[in-house]
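Residue numbers (our numbering), protein chains in the order written: chain A, 1 to 609; chain B, 610 to 682. Glycine is no exception: its CB is placed at the ideal position from the N, C-alpha and C atoms. Some notes on the structure that comes next.
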């Protein structure tokens, strides 16, 4: 590294770089040799003007191959359309999918009561959920469960349930493009707010540009989070929200915050934490919480009270699915799941249950997670259409508000992805039948491609790993997103804005792997700005949004959703949209009963203490 | 730390681990036709490569430390 640092001078010539690139070819085969640093020369800088371009024309493009993307593709295929699905990894093995093991199934034959489910979800959501999307899940969950059973996901002899998704797509005739990161939504004439006509990305293996022109595009790229400093990223990087925001889509739910526990023994080991969920197989769930999850443990850190990791939250019995919120729930082993054979098992009390890591439970592995189904692209209809023609979304990248300010029931995330994916596939197919196949001028495509490959061509700049670490250090402390205050949110926003405006345009990438990191870093920076601006805007506390300076719910002002959108001048605009009158809580119920979970300082603030 | 070894004596070059790794840590060496660890700093210790390797060629340990990243050149 020191050699490179010395040659990182403004006067370095192109020839020097080529020479250096030759010298470092061998070095690049040494793992970790250039794992990242701050401002320096880009050892892999290369002209990408001659990059091979793979062009595909299809009816429906699905971005992301988890539960939502699979159902979206299958539903569109059932309508007789051509469907192409692009996955950053491989279907079923990227993102949260391998760890998702529970699907909420509403079944009146089993005694489930619709009115009770709706009431519980509303209360757990602190009333800012969307009942229409909940009704959609209640109406369709049984059918979607029957689908995954018929595909073989619950069969004992499958290698792993997540692999079944891929088999289903292949059997259905969906064209798969894997290990390919989509970076850019393409719009008609390259203008924001115009119809989305497909997307562009690049192959991790061949580094060729991949251009997919489609009559309709369904974003199913999942959610985002901030990992602890030093933790690898790659998943949960808000790619879908970022791509959609850049072309003018409305984004919502960014102020809700979930987090993940980890343990003092091997805290960065994903397998130690989540191996039990991998091993437990797919199962039905039917538990709906009567009160939402809380951030009590983060509050106890802040107030100096005895560390709390149990208070509030839903009943025990295992963490919610989708590799998801342990949040404040004590993460017990999944029902019936054997402990994993990896290291980190807890043998001795008072450690966590078997399969969930060893040592003492601590915050945290990740923060800034959205609430499942309550963050992402804002829908304009029940088929996940966005405000941008041709762009649909489903799953954890859709702000359906199936859940609201807090997570509300076991398995609702994975089932929500299934029901929403299916609806979006049908909606996109309907739209696609009404529009002509898009075309785009070569110069529009060339311009998007040049922007995508820019980090590969920069001869010096900042490594994605370093920028990510600075961002993690800014966003991760509990007192930024878990215990919020205007002063600290503004301080973090100042750093994030600087990183986004001044540092991100100088990110470098030495190869395709690094290019992926560069784009993920930019997406996370944009997500960080959204999280901070939405959190600043909501001047109350509700569910998983706690403002130390506004420590109580304010039903007059904030029975509302926060909407973010790129303004005409390029700056982020923040507005609110009130929930329908019919969904508001019964205001005759005393405040403390309306909202059973307490925030620090809340009752004093309200004069109720 | 994290992913430590893909044993070349055992690896059959099937590429399953390359497709499996969600963080693109593993690549195929086209000359040797063996999978190699290319980006160990991005290993998230999910063990999926271990779980899907058909010949048990991969060793992953649960410990991990932060890479040292210098702030500027």
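In the DSSP assignment, residue 561(A) forms a beta bridge with 577(A). For residue 465(A), the C-beta contacts it makes with chain B under 8 angstroms involve 650, 676, 678, in order along the chain. Bridge pairing for residue 202(A): 181(A), 209(A) [DSSP]. Take residue 521(A), set aside five residues on each side of it, and the residues of its chain with a beta-carbon closer than 6 angstroms to its own are 464, 467, 468, in chain order. Think of a sphere of 7 angstroms around the beta carbon of residue 238(A): no beta carbon from chain B falls inside it, the nearest being about 16 angstroms out.
For the stretch 93–113 of chain A, the beta-carbon criterion of a distance under 8 angstroms to any beta-carbon of chain B is satisfied by 93, 94, 95, 98. In the displayed model, residue 372(A) falls within coil according to three-state DSSP, outside both helix and strand.
Put simply, the stretch 192–209 of chain A does not touch the stretch 489–507 of chain A. Fewer than three CB pairs are less than 8 angstroms apart.
Among the residues facing chain A, residue 617(B) is not included, as its CB has no counterpart in that chain under 7 angstroms away. Measuring C-alpha to C-alpha distances from residue 367(A) to each of 459(A), 481(A), 275(A) identifies 481(A) as the nearest. In this chain, the beta strand (DSSP E) harbouring residue 461(A) covers 460–462.
Shown here for residue 88(A): same chain residues with a beta carbon closer than 6 angstroms to its own, the five before and five after excluded, namely 94, 181 in chain order. Shortest Cα-Cα distance from residue 76(A) to any of 593(A), 461(A), 425(A) involves 425(A). Our two residues, residue 303(A) and residue 270(A), have alpha carbons roughly 29 angstroms apart in a direct line. Only residues of its own chain outside the window of five on either side were considered, and among them 181, 204 have a CB closer than 7 angstroms to the CB of residue 516(A), listed in chain order. In this structure, the alpha-carbon of residue 496(A) lies about 19 angstroms from that of residue 567(A). Listed in chain order, the non-local C-beta contacts of residue 229(A) below 8 angstroms within the same chain comprise 469, 472, 473, 476, local neighbours out to five positions each way being set aside. Judged by DSSP in its simplified three-state form, residue 252(A) adopts strand. Secondary structure note for residue 278(A): its alpha helix (DSSP H) is the uninterrupted segment 270–279. Ranked by Cα distance from residue 305(A), the options 395(A), 188(A), 586(A), 600(A) are led by 600(A). Excluding sequence positions up to five before and after residue 634(B), its CB lies within less than 7 angstroms of the CB of 612, 646, 647, 648, 649, 651, 652, all in the same chain and listed in chain order. Identification of residues in the stretch 259–272 of chain A having a C-beta nearer than 9 angstroms to some C-beta of chain B yields 265, 266, 267, 268, 269, 270, 271, 272, given in sequence order. About 5 angstroms separates the beta carbons of residue 103(A) and residue 414(A), which is inside the 8 angstroms limit, making them a contact pair.
Beta bridge pairing from DSSP links residue 261(A) with 363(A).
Under the Cβ distance rule, residue 635(B) does not count among the residues neighbouring chain A, no pair being separated by less than 7 angstroms. For residue 510(A), there is no enclosing alpha helix (DSSP H), as DSSP marks it with neither H nor E. Straight across, the Cα-Cα distance linking residue 99(A) with residue 432(A) is about 33 angstroms. When DSSP reads this structure, residue 284(A) sits in a beta bridge with 103(A). Taking all protein chains shown into account, residue 640(B) has fewer than 16 neighbouring C-beta atoms within 10 Å of its C-beta and is therefore exposed.
When 168(A), 364(A), 443(A), 596(A) are compared, the shortest CA-CA separation from residue 289(A) is found for 596(A). Residue 162(A) and residue 255(A) have their alpha carbons spaced roughly 30 angstroms apart. Contact with chain A is absent for residue 625(B), since none of that chain's Cβ atoms lies less than 7 angstroms from the residue's Cβ. Take the alpha-carbon of residue 620(B) and the one of residue 643(B): they are about 6 angstroms apart. Residues of the same chain with a CB within less than 7 angstroms of the CB of residue 462(A), apart from the 5 flanking positions on each side, are 38, 39, 503, 506, 507, 508 in chain order. One Cα belongs to residue 164(A), the other to residue 396(A), and the distance between them is close to 20 angstroms. About 12 angstroms separates the beta carbons of residue 69(A) and residue 96(A), which is beyond the 8 angstroms limit, so they are not a contact pair.
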